[in-house]
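Note sheet for the following structure.
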Amino acid sequence: MLRIEAIHTSYGPISAIKGIDMEVRKGEIVSLIGSNGAGKSTCLMTISGILKPSKGSIFLGKRNIAGLSPHSIVSQGICQVPEGRRIFPRLTVLENLEMGAFLQRSDFTSTLHRVFKLFPILEERKKQYGGTLSGGEQQMLAIGRALMANPDILLLDEPSLGLAPIMVSKIFRTIQEINSEGVTVLLVEQNARAALKLSHRGYVLENGMITLSGSGNDLLDNEKVRQAYLGE
Amino acid sequence: MITIQESFSRTLLRSGIISLWSALLFLPFKGLRASALLFALLFLSVFLLTFAGSWVSSQLAKTAAVRERMRRSLPEDRRYLLLFLLPALAIPFAAQNYLIDVAVLAGIYIILALGLNVVVGYTGLLNLGFVAYYAIGAYSFALLNTKLSLGFWSAMPFAVIITTLAGFLFAVPALRLKGDYLALVTLGFGEIVRITLNNWDSFTNGPNGIGGITAPTLAGMSIETLSAYYYLVLFFVLVSIVVIGRVQRSSIGRAWIALREDEIAASAMGIPSTLYKLYSVSFGAFWAGIAGCLFAAKMRFISPESFTFMESVLVLCMVILGGLGSIGGVIVGAVILVILPEILREVQMYRMLALGAGIVLLMIFRPQGLFGGKVVSSRY
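If you're matching them up, the sequences are chains A and B in order.
Each residue of the first sequence is one higher than the one before, counting from 33 in the working numbering.
Each residue of the second sequence is one higher than the one before, counting from 903 in the working numbering.
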């Protein structure tokens, strides 16, 4: 469904990704793990169009979407949950969700109901300002907001960042639930164990290059991964 | 916990510093005796005011529940706001020419400030050269009127289109910048426009300005009297309030607010950020163009002197004073900043000082502006 071929992205003279090839198939959860500064977020931002790749191509189906502007990539059905949540703190929860449906020209009530079913807490708090929510609730809001765009592929950037362990497992359960509804998920995580457990496949990123790939369980059993990312 | 003793000595110290500082500022102008008197007066009043202030705020806190109830008892349907139109409509009957003149000026500034509010308040792009669009609107109107002898109603659309285009064309390169840098470039743009107008003798008549602008007509009648002109301005003020209010609630307005809140998140939601910023700047320039036309047609004479940097600052103050992003607040801000210098005319050279002090106090005690606070969501 999404195929990335030899992507290079750089910040000025510093190249952050040096030729990545990866593939996300329809209905999968694919996780991208790696340490700080390995280029995980850069990779995601390149897919969503916020950063422009200097070389390489990103195929969505048959179409090359590399270098398109972020809004046209969203309209192709790829929606990103940015790192650090980035909800709109001075808009209400409902308004935040409505912003997610910005490109939706038709009635989005059914999508809204779907999001409220996934996250009942958001319905309770829909009139509250986004900034008054707790970290976990804000993460739910960020995911809910991205789902409002009805994406085929959801890009999640560190959804577990700064959350209590109980919240982390809740978020990961929801990601699985979203996936079972037919949304393909590309997940970037530092929390490698939790991410690999729920993923169908995974890629390990090191210094802007992919060093390992395989099914989630294979990677969990891999000696190198265990040493470097699972702390064993 | 701060004991009474501690807060007492701290208040003492604070009043001392404030009054000493003010007295020092006055020393070169008014001599030692007056400064000493000022010091004593300020010291006492700041000291007493601090206690009075804390008493007032504790009393105000007690009324919070009552105020909330009052707010709830206001009807949900906001059409009662139309009642505020009655005094505005009645001004020409009740007031002298001088007051109507001030009201006309206030109206023009309201349109200008509402336009700037779109750019600064909704979209969060700081513009320090907004007067440039005002000047372009006024000059293109004046030139169309005097050189091509087009009437008010035929010159105005062209002038406004020219201004909007100017806003758009300027924004294309400027929007590559963000924040402070953008503010600096807009500042430069404002100066470029003023200096060009000042030096392009053959076209704009340079510092001598353009005179002989004809009065607008409506259905064959000339709108020459002050009260007639007042209604014309009032009409445009109402149009601007309604149109800007509608745009704010549309998806475009939402996109602007989202861009101001978080640009990365907004573009991740699929908002084309550059395009919407261009909309915002052009839309703001559009209203500045209208205000410029009204100004030129009112004054019948314009010169580059009316479009200085201070004018940009004044309009920005109106927007910030009332509360960024709130239409009602901006209107109040504009009215206050037009009327206050008139009231303070008595104290002559001190009026700007008083105005400045007022703004400083406001920023200390109410940084969100007089009517700010509910800047974003207007529906709950």
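Glycine residues also receive a C-beta, built at the ideal position from the N, C-alpha and C atoms.
**OP:** Taking A:Leu228 and A:Ser63 to be in contact with their CB atoms under 8 Å, please state how far apart those CB atoms are, rounded to whole angstroms.
**Re:** In the first sequence, residue 228 of chain A corresponds to position 196, counting from 1. In the first sequence, residue 63 of chain A corresponds to position 31, counting from 1. Taking the Cβ atoms as the reference, A:Leu228 lies roughly 6 Å from A:Ser63, within the contact range of under 8 Å.
Subject >> A:Leu154 to B:Arg1096 span [Cα, whole Å] >> reply: For the purposes of this step, residue 154 of chain A is taken as residue 122 along the first sequence, with counting starting at 1. For the purposes of this step, residue 1096 of chain B is taken as residue 194 along the second sequence, with counting starting at 1. About 52 Å.
**OP:** Identify which residue in B:Val1232, B:Glu1248, B:Leu1027 and B:Val1262 has its Cα closest to the Cα of B:Ile1010.
**Re:** The sequence position of residue 1010 of chain B within the second sequence is 108, counting from 1. Among B:Val1232, B:Glu1248, B:Leu1027 and B:Val1262, the Cα nearest to that of B:Ile1010 is on B:Val1232.
Subject >> Nearest-angstrom beta carbon gap, B:Thr1119 and B:Phe1054 [assumed within contact, 8 Å] >> reply: By one-based count along the second sequence, residue 1054 of chain B stands at place 152. By one-based count along the second sequence, residue 1119 of chain B stands at place 217. B:Phe1054 to B:Thr1119, Cβ: 7 Å. Contact.
**OP:** Just the C-alpha distance for A:Leu67 and A:Asn223, rounded to the nearest angstrom, thanks.
**Re:** The count along the first sequence starts at 1 and reaches residue 67 of chain A at position 35. The count along the first sequence starts at 1 and reaches residue 223 of chain A at position 191. As written in the sequence, residue 67 of chain A is Ser, which differs from the Leu given in the question. Cα-Cα distance, rounded: 10 Å.
Subject >> Residues of the region 1146-1157 of chain B whose Cβ lies closer than 9 Å to any Cβ of chain A, in chain order >> reply: Ser1153, Arg1156 and Ala1157
**OP:** Note down, in chain order, each residue of its chain lying with its Cβ closer than 8 Å to the Cβ of B:Val1278, except the 5 sequence neighbours on either side.
**Re:** On the second sequence, position 376 is the one that residue 1278 of chain B refers to. A caution first: B:Val1278 carries a pLDDT of 46, below 50, which makes its placement in the model unreliable, though a value can still be read off. Cβ neighbours of B:Val1278 beyond the five flanking positions: Ile1159, Glu1163 and Gly1227.
Original post:
Between which two residues does the beta strand (DSSP E) carrying A:Gly246 extend?
Top reply: Mapped onto the first sequence, residue 246 of chain A falls at position 214. Per DSSP, A:Gly246 belongs to the beta strand (DSSP E) from Met241 to Ser247.
Subject >> Contact set between A:Met131 and chain B, taken where Cβ atoms lie within less than 7 Å >> reply: Against the first sequence, residue 131 of chain A aligns to sequence position 99. Correct list: Arg1156, Ala1160 and Met1171.
Subject >> Boundaries of the beta strand (DSSP E) in which A:His40 is found, first to last residue >> reply: What you label residue 40 of chain A is simply residue 8 of the first sequence in a count that begins at 1. Start and end: Leu34 to Tyr43.
**OP:** Give the secondary structure of A:Glu221 by DSSP, where H, G and I count as helix, E and B as strand, and everything else as coil.
**Re:** If you number the first sequence from 1, residue 221 of chain A lands on position 189. Three-state DSSP puts A:Glu221 in a strand.
**OP:** Pick helix, strand or coil for A:Thr143, following the three-state DSSP scheme.
**Re:** Mapped onto the first sequence, residue 143 of chain A falls at position 111. Helix.
**OP:** Using a cut-off of 9 Å between C-beta atoms, extract the partners of B:Ile1238 located in chain A.
**Re:** On the second sequence, position 336 is the one that residue 1238 of chain B refers to. None at all; the shortest Cβ gap to chain A is about 25 Å.
Original post:
Is DSSP giving B:Phe1273 helix, strand or coil here?
Top reply: Taking the second sequence and counting its residues from 1, one reaches residue 1273 of chain B at position 371. B:Phe1273: coil per DSSP, three-state reduction.
Subject >> Rounded C-alpha distance that separates B:Val968 from A:Gly167 >> reply: Residue mapping note: residue 968 of chain B aligns to position 66 of the second sequence, counting from 1. Residue mapping note: residue 167 of chain A aligns to position 135 of the first sequence, counting from 1. Spanning the two alpha carbons is a distance of roughly 34 Å.
Subject >> Residue interval of the alpha helix (DSSP H) (run including A:Glu127) >> reply: As a working note, residue 127 of chain A is residue 95 in the first sequence. First-last of the alpha helix (DSSP H) with A:Glu127: Val125 to Gly132.
Subject >> A:Ala70 beta carbon less than 8 Å from that of A:Pro85 >> reply: Position 53 of the first sequence, counted from the first residue, corresponds to residue 85 of chain A. Position 38 of the first sequence, counted from the first residue, corresponds to residue 70 of chain A. It is not a contact, given that the beta carbons lie outside the stated cut-off.
**OP:** Mind reading off the beta-carbon distance from A:Ala178 to A:Gln112? Whole number of angstroms is fine, and I expect it under 8 Å.
**Re:** As a first step, residue 178 of chain A must be located in the first sequence, where it is residue number 146. As a first step, residue 112 of chain A must be located in the first sequence, where it is residue number 80. Right, their Cβ atoms sit about 7 Å apart.
Original post:
Residues in the region 68-94 of chain A with C-beta within 7 Å of chain B's C-beta atoms, listed in sequence order?
Top reply: Ser80 and Ile82
Subject >> B:Ile1166 at chain A interface by Cβ criterion, 8 Å >> reply: Here residue 1166 of chain B is taken as the residue at index 264 of the second sequence, counted from 1. Closer than 8 Å to some Cβ of chain A, the Cβ of B:Ile1166 qualifies, so yes.
Subject >> As assigned by DSSP and simplified to three states, the class of A:Met54 >> reply: Start at 1 with the first residue of the first sequence, and residue 54 of chain A comes out as number 22. Note: A:Met54 maps to strand in three-state DSSP.
Original post:
Enumerated in chain order, which unbroken segments of the alpha helix (DSSP H) with a length of 4 residues or greater are wholly contained in the region 905-965 of chain B?
Top reply: 906-964
Original post:
Is the Cβ of B:Gly1275 closer than 8 Å to any Cβ of chain A?
Top reply: One-based indexing of the second sequence puts residue 1275 of chain B at position 373. Below a pLDDT of 50, predicted positions are generally treated as unreliable, and B:Gly1275, at 48, falls in that range; the measurement from the model is reported next regardless. Output row for B:Gly1275: interface = no.
**OP:** Check the Cβ of A:Ala181 against every Cβ in chain B and list those closer than 8 Å, keeping chain order.
**Re:** Translated into the one-based positions of the first sequence, residue 181 of chain A becomes position 149. Those are Met1171 and Gly1172, listed as they occur along chain B.
Original post:
If you draw a straight line from the C-alpha of A:His103 to the C-alpha of B:Ala1168, how long is it?
Top reply: Within the first sequence, the letter at position 71 stands for residue 103 of chain A. Within the second sequence, the letter at position 266 stands for residue 1168 of chain B. Looking at the two C-alpha atoms, the distance is approximately 9 Å.
Subject >> Inter-residue Cα distance where the pair is B:Ala936 and B:Gly1225 >> reply: Taking the first residue of the second sequence as position 1, residue 936 of chain B is located at position 34. Taking the first residue of the second sequence as position 1, residue 1225 of chain B is located at position 323. Going by the C-alpha atoms only, they are around 37 Å apart.
Original post:
Hey, is A:Arg146 close to the ligand HEM, as in C-beta under 7 Å from one of its heavy atoms?
Top reply: Of the ligands one can find in the structure shown there are none, so the ligand HEM has no counterpart to examine.
Subject >> Partners in chain A for B:Glu1163, counting only beta-carbon separations shorter than 8 Å >> reply: Here residue 1163 of chain B refers to the residue found at position 261 of the second sequence. Residues of chain A passing the Cβ test: Phe120, Pro121, Arg122 and Leu123.
Subject >> Per-residue contacts from A:Val106 into chain B (C-beta, under 8 Å) >> reply: Here residue 106 of chain A refers to the residue found at position 74 when the first sequence is read from its first residue. Here the neighbours are Ala1170, Met1171 and Gly1172.
Original post:
Using the beta-carbon count (16 or more within 10 Å), is A:Glu130 buried or exposed?
Top reply: Position 98 of the first sequence, counted from the first residue, corresponds to residue 130 of chain A. That one is buried.
**OP:** Assign B:Tyr1282 to buried or exposed, taking buried as 16 or more other Cβ atoms, counted over all protein chains shown, within 10 Å of its Cβ.
**Re:** Locating residue 1282 of chain B in the second sequence gives position 380, counting from the first residue. With a pLDDT of only 35 at B:Tyr1282, under the threshold of 50, the placement of this residue in the model should not be trusted, and no figure is reported.
Original post:
DSSP beta-bridge partners for B:Met1212?
Top reply: Translated into the one-based positions of the second sequence, residue 1212 of chain B becomes position 310. The secondary-structure analysis by DSSP pairs B:Met1212 with nothing; it has no beta-bridge partner.
**OP:** Assign B:Ala1061 to one of two classes, buried (16 or more other C-beta atoms within 10 Å of its C-beta) or exposed (fewer than that).
**Re:** Here residue 1061 of chain B is taken as the residue at index 159 of the second sequence, counted from 1. It counts as buried.
**OP:** Taking A:Glu15 as part of the alpha helix (DSSP H), name the residues at either end of that continuous run.
**Re:** This structure cannot speak to residue 15 of chain A, because chain A is shown only from 33 to 264.
Original post:
For B:Pro1206, which of B:Tyr1036, B:Met1058 and B:Ile1241 has the nearest alpha-carbon?
Top reply: Counted from its first residue, the second sequence places residue 1206 of chain B at position 304. For the residues B:Tyr1036, B:Met1058 and B:Ile1241, the minimum Cα distance to B:Pro1206 belongs to B:Tyr1036.
**OP:** My understanding is that A:Ile52 touches A:Ile79, with C-beta atoms under 8 Å, so please give their C-beta distance in whole angstroms.
**Re:** As a first step, residue 52 of chain A must be located in the first sequence, where it is residue number 20. As a first step, residue 79 of chain A must be located in the first sequence, where it is residue number 47. Wrong, their Cβ atoms sit about 10 Å apart, outside the cutoff.
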